[in-house]
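Colleague: One structure is given below, represented as structure tokens, and several questions about it will come after.
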Amino acid sequence: MDFEDVYQNVERRDIESTTGAQTQGHGWDEEKDLKHRGSRYLVLISVGLGLICVLLLVFIILLNITITAERDMTKSYKNTVEELNQTINSLHDNNTDLKTEKHQLQNNFNSLNKKNLVLETRVNGLTAEKDQLQRDFDSLNKKGPVCFFLSTESKNWSDSRQYCRDRGADLVIINTEEKQRFISSLVSERVWIGLSDREKEGVMKWVDNSPLKRGFWFKGQPNDSGNQDCIELNYERGNTGWSPLKSWNDLSCSNKKKGICEK
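Residue 1 is where the sequence shown starts when you use the UniProt record's numbering, and the numbers rise one by one after that.
This is how it looks when you write it as structure tokens:
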């Protein structure tokens with residue numbers, strides 16, 4: 001081996017040694033770089049996970065707030081619905097009460113209207129009766145001044161007649177419709193009039209012995225039940241069948257009543 005070969009061998013070893021050292025240094029730098037990048041990735045992952053946790057926490061908080069708000073809204077809605085239902089029920093009850101009150105008022109109005117019609121009918125009847133009595137009174141006055149008065153004591157028919165005669169009068173004679181209406185309007189109780197069949201059963205005569213020409217008998221009268229020979233004017237307004245022109249009744253002469261006198 002010559003010197004040149006030795007030099008080349010040494011130079012080759014130096015080159016290989018230098019190349020190996022450079023290669024080893026380069027590998028160490030790459031390892032450090034990988035570790036550095038791994039640390040960065042780990043930090044980024046940690047930060048990302050932290051952000052995700054924060055976002056999840058925020059989401060949970062917002063979700064809880066939303067659920068609470070919805071729960072409160074639902075509760076408020078239920079309360080509002082219950083209040084509305086109570087109000088509706090109250091209005092329904094008030095409406096029912098008002099309908100009942102309206103029905104009662106309508107019934108009262110109808111009842112008052114009927115009473116008013118009855119009163120109007122009575123007023124019209126009384127007005128017509130008053131007018132008729134006035135005409136009867138005027139008619140009687142045309143025939144001459146007449147005085148009528150009622151005895152103050154209840155007596156039998158004969159004593160009542162005597163009461164009238166003691167005062168220059170006699171029991172009343174009623175021979176016209178006008179007079180019958182007028183006498184009926186003067187009395188408010190049953191009274192004797194000057195008519196009887198005491199002398200002969202069934203033959204009615206007035207106290208001046210004039211015969212009866214027209215009678216104003218109550219329904220079913222005279223019936224001569226139990227020796228009834230004297231006549232009363234029966235005052236029973238409102239009794240079925242009674243009217244100013246249907247008010248005479250035969251009665252036992254011993255009954256005690258007041259008499260209507262004519263002077």
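Don't be surprised by glycine CBs; every beta carbon is placed ideally from N, CA and C.
Owing to the predicted nature of the structure, the values given are computational and were not obtained by experimental measurement.
Hey, D166 and D197: beta-carbon distance below 8 Å or not?
Modeller: no
Colleague: For the alpha helix (DSSP H) holding W157, just list the boundary residues, first then last.
Modeller: 157-165
Colleague: On the three-state DSSP scale, how would you describe G220?
Modeller: coil
Colleague: Mapping the DSSP letters down to three states, classify I174 as helix, strand or coil.
Modeller: coil
Colleague: What is the residue span of the beta strand (DSSP E) that V207 lies within?
Modeller: Note, V207: premise wrong, no beta strand (DSSP E); not H, not E.
Colleague: What are the partner residues of N249, as DSSP defines its beta bridges?
Modeller: Per DSSP, E232.
Colleague: With DSSP run on the structure shown, which of helix, strand or coil describes E153?
Modeller: The DSSP-derived three-state label of E153 is coil.
Colleague: Can you grab the Cα-Cα spacing for the pair R161 / G215, in whole Å?
Modeller: 20 Å
Colleague: What's the call for F109, buried or exposed, on a 16-neighbour Cβ count within 10 Å?
Modeller: exposed
Colleague: Report the partner residues of F109 according to the DSSP bridge assignment.
Modeller: Bridge partners of F109: none, in fact.
Colleague: With a threshold of 7 Å on Cβ separation, who are the neighbours of V172 within its own chain once the five nearest residues in sequence on each side are excluded?
Modeller: For V172, the CB contacts under 7 Å within the same chain, skipping 5 residues up- and downstream, are F148, I183, I193, G194, I260, C261, E262 in chain order.
Colleague: Straight-line CA distance for Y77 to G50?
Modeller: 40 Å
Colleague: Am I right that S185 and Y235 are in contact with their C-beta atoms under 8 Å? What's the rounded C-beta distance?
Modeller: About 10 Å separates the Cβ atoms of S185 and Y235, ruling out a contact at the 8 Å cut-off.
Colleague: Go ahead and pull the three-state DSSP assignment for S184.
Modeller: helix
Colleague: From the DSSP output, read off the bridge partner residues of W192.
Modeller: E232, G259
Colleague: By the three-class DSSP mapping on this structure, what secondary structure does Y7 have?
Modeller: Here the model assigns Y7 a pLDDT of 49, short of 50, so the residue's position is not dependable and the matter cannot be decided.
Colleague: In or out: I174 buried (at least 16 other Cβ within 10 Å) or exposed?
Modeller: buried
Colleague: State the DSSP-derived secondary structure class of S76, mapped to helix, strand or coil.
Modeller: helix
Colleague: Among E82, K200, K246, which one has its Cα closest to the Cα of N227?
Modeller: K200
Colleague: State yes or no: is the C-beta of L150 within less than 8 Å of the C-beta of V191?
Modeller: yes
Colleague: Pick helix, strand or coil for S46, following the three-state DSSP scheme.
Modeller: It is helical.
Colleague: Assuming W242 and I231 are in contact, meaning their beta carbons sit under 8 Å apart, how far apart are those beta carbons, in whole angstroms?
Modeller: Going by Cβ atoms, the distance from W242 to I231 rounds to 16 Å, so no, they are not a contact pair.
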